[in-house]
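Just remember that the numbering used here sits 72 ahead of the position in the sequence shown, which is counted from 1. Cβ atoms here follow ideal geometry from the backbone N, Cα and C, with glycine treated the same way. For clarity, every value in this text was computed on a predicted model and none was experimentally measured.
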Amino acid sequence: MRNILLIISGSIAAYKSLDLIRRLRERECNVRCILTKGGAEFITPLSVASLSGNPVYGDLFSLKDETEMGHIRLTREADVIVVAPASADLIAKMAHGFADDLATAALLASDKKILVAPAMNAQMWKHPATQRNLRRVEKDGAVIIPPSAGSLACGEIGAGRLAEAGDIVKAILDSLSLREMAGVKASSALLSSGASRHPLPEGGGFKALVTSGPTHESIDPVRYLGNRSSGKQGHAIAAALAEVGGDVTLITGPTALPDPEGVRVAHVTSASEMLAACEKALPVNVAVCAAAVSDWRAEAASVRKLKKRGGAATALALVENPDILGHLANHPKKRPILVIGFAAETENLLKNAATKRKNKNADWIVANDVSGGKIFGSDNNEVTLVTAKGGEEWPRMSKEAVAEKLVERIVSYIRKKK
Ligand code: C5P
73 MRNILLIISG SIAAYKSLDL IRRLRERECN VRCILTKGGA EFITPLSVAS LSGNPVYGDL
133 FSLKDETEMG HIRLTREADV IVVAPASADL IAKMAHGFAD DLATAALLAS DKKILVAPAM
193 NAQMWKHPAT QRNLRRVEKD GAVIIPPSAG SLACGEIGAG RLAEAGDIVK AILDSLSLRE
253 MAGVKASSAL LSSGASRHPL PEGGGFKALV TSGPTHESID PVRYLGNRSS GKQGHAIAAA
313 LAEVGGDVTL ITGPTALPDP EGVRVAHVTS ASEMLAACEK ALPVNVAVCA AAVSDWRAEA
373 ASVRKLKKRG GAATALALVE NPDILGHLAN HPKKRPILVI GFAAETENLL KNAATKRKNK
433 NADWIVANDV SGGKIFGSDN NEVTLVTAKG GEEWPRMSKE AVAEKLVERI VSYIRKKK
């Protein structure tokens, strides 16, 4: 059971927090609520108590609450604190460290991750003071769940609508999974090296893009140039990154695999489409290029089906495809902190992979020996992780286990770098 402390402040969007409570309880969360004086102008303590199944807290100086559940205990017993909706006034108080009511005192006393979902009139949102305060709150370590734009309750149109309940739930669960990664799951094999015994750095999660599968390069309407990649390894890496709380975009060529859970998926066909989708996914902290991108494409794909020529040789002019890994690793403005490529080699594995790492400016190369069709389509993989320090052979294991071990390394790396 996860414990959420939800602070509901004075905004017309307060009624949406009722839906949020319901959704969190559906996800087996225990929700305790602090309703500010302003919040109680919009919704009643009774509705909050009924939906949360817990008493509602509001008064800093209530002897009863202070003995039973004071501002310190409320925060200590929570896994995460969520302010939704967060009014401009509450954000201003947070930015300046006020503690003149139960909500602000709890926020100041908190030793937990704080998520803030603002909701207010568009002008209030745009005001430099609000933006300044928000930056301060974020700098202090809170995660901001930005409001969306649209028609507001006050009749005006603009930014300031409370983020969708589903998005707030996702942000909460993401932050919880990072927390779990920090401790609760510490005994699992994934965390055995100690990489995840501490949460990721202040400021929450990380963003990752993963390329996977083959690309198909059209020759004519019925034929294409492709390769044998199944996408299993790339998909497993995307799933493992999401499992530890990453915000993951998987960009995949045509495969027979289902989309992994909890991952944003872009389906593409050709290398050019894959490159465009990668560019769209930037900026990210980590890029894992596991796709077997076709090295070439037809110089000019025919719009009509090509005919056989009665036994005569047919020439197919090919041009090289863009190197997506190289492009990301040399990106002038948005190079990810960590760029990882793959190298499928049939000979001189370590030497070729080390050269590839340097030539493409990648940080790591996951190299595998594909001689004799050992890996393509298989559920297992046998890889060597090549970094600036040299090669590290991993024993043969399932592609899921390779993914978990790689993600363990990724988390450890970005924790040090961030
Ligand atoms: O040069 P080679 O194809 O052996 O490099 C393999 C690595 O480069 C893989 O990580 C693959 O995803 C990536 N790659 C790419 N774009 C290409 C070719 C390869 O991203 N056009």
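For the alpha helix (DSSP H) holding residue i, just list the boundary residues, first then last.
{"i": "E351", "result": "343–353"}
{"i": "T176", "result": "174–181"}
{"i": "S71", "result": "In the structure as shown, the chain starts at 73 and stops at 490, and residue 71 therefore has no counterpart that could be examined."}
{"i": "R97", "result": "88–98"}
{"i": "P394", "result": "No alpha helix (DSSP H) contains P394, which DSSP labels as neither H nor E."}
{"i": "G306", "result": "304–315"}
{"i": "N205", "result": "200–211"}
{"i": "I186", "result": "No alpha helix (DSSP H) holds I186; the beta strand (DSSP E) holding it covers 186–190."}
{"i": "I144", "result": "143–148"}
{"i": "L123", "result": "117–124"}
{"i": "A328", "result": "That residue, A328, is in no alpha helix (DSSP H); it is neither H nor E in DSSP."}
Does the ligand C5P have a heavy atom nearer than 7 Å to the CB of residue i?
{"i": "V365", "result": "yes"}
{"i": "I396", "result": "yes"}
{"i": "G303", "result": "no"}
{"i": "A415", "result": "yes"}
{"i": "T283", "result": "yes"}
{"i": "N420", "result": "no"}
{"i": "A343", "result": "yes"}
{"i": "N453", "result": "no"}
{"i": "K405", "result": "no"}
{"i": "C361", "result": "yes"}
{"i": "K88", "result": "no"}
{"i": "N393", "result": "yes"}
{"i": "K428", "result": "yes"}
Could you spell out where the beta strand (DSSP E) holding residue i opens and where it closes?
{"i": "V320", "result": "319–324"}
{"i": "H339", "result": "336–339"}
{"i": "T459", "result": "455–459"}
{"i": "T287", "result": "First-last for T287: undefined, no H or E at that position."}
{"i": "G462", "result": "462–465"}
{"i": "N75", "result": "74–80"}
{"i": "N440", "result": "436–441"}
{"i": "N102", "result": "101–107"}
{"i": "V152", "result": "152–158"}
{"i": "V492", "result": "The question about residue 492 has no answer, for the chain in this structure spans 73 to 490."}
{"i": "V358", "result": "358–361"}
{"i": "A415", "result": "410–417"}
Beta-carbon of residue i versus every beta-carbon of chain C: anything under 8 Å?
{"i": "V358", "result": "The structure shown contains no chain C; it is built from a single protein chain."}
Considering only residues of the same chain and omitting the five flanking positions on each side of residue i, which have a CB-CB separation below 7 Å?
{"i": "A181", "result": "H143, I144, T147"}
{"i": "G169", "result": "L180"}
{"i": "L347", "result": "P394, I396, H399"}
{"i": "V256", "result": "No answer about V256 holds up, because its pLDDT of 36 lies below 50 and its placement is not dependable."}
{"i": "K489", "result": "I409"}
{"i": "A121", "result": "P127, V128"}
{"i": "P377", "result": "Sequence inspection shows Lys at residue 377; the Pro mentioned does not correspond to that position. For K377, where only same-chain residues beyond five positions count, the Cβ hits under 7 Å are D292, P293, V294."}
{"i": "E228", "result": "N193, A194"}
{"i": "E210", "result": "I216"}
{"i": "S264", "result": "In this prediction, S264 has a pLDDT of 30, which is less than 50 and means its spatial position is unreliable; what the coordinates show is noted afterwards. Correct list: empty, nothing qualifies."}
{"i": "E113", "result": "G82"}
{"i": "P219", "result": "P190, A191, W197, A231, G232, R233, L234, A235"}
{"i": "E371", "result": "A389, L390, V391"}
Beta-carbon within less than 6 Å of residue i's beta-carbon, same chain only, minus the 5 sequence neighbours each way: which residues are those?
{"i": "R336", "result": "T321"}
{"i": "I93", "result": "V103, L123, S124"}
{"i": "V458", "result": "A425, A426, R429, I437, A439"}
{"i": "A164", "result": "N205"}
{"i": "A225", "result": "I84"}
{"i": "L78", "result": "V103, C105, V154"}
{"i": "A475", "result": "A308, I309, A312"}
{"i": "S374", "result": "D292"}
{"i": "K304", "result": "K471"}
{"i": "A243", "result": "L187, I217"}
{"i": "K406", "result": "L354, P355"}
{"i": "T327", "result": "G285, G303"}
{"i": "I482", "result": "V358"}
{"i": "A261", "result": "The predicted model places A261 with a pLDDT of 29, which falls under 50 and marks its position as unreliable; any figure quoted below should be read in that light. Counting only Cβ-Cβ distances below 6 Å, and skipping sequence neighbours, we find nothing."}
{"i": "L162", "result": "S81"}
{"i": "S223", "result": "I229"}
Who are the Cβ neighbours of residue i in its own chain at under 8 Å, not counting the five residues just before and after it?
{"i": "W368", "result": "E289, L297, L390, V391, E392, N393"}
{"i": "C350", "result": "L281, T283, I323, A359, I396, H399, L400"}
{"i": "R468", "result": "N452, N453, E454"}
{"i": "D151", "result": "R74, N75, I76, K184, L248, R251"}
{"i": "L478", "result": "I309, A312, V360, I412, V438, L457"}
{"i": "T139", "result": "Because the pLDDT of T139 is 49, which lies under 50, any placement of that residue in the model is unreliable, and the question is left without a value."}
{"i": "E100", "result": "M73, R74"}
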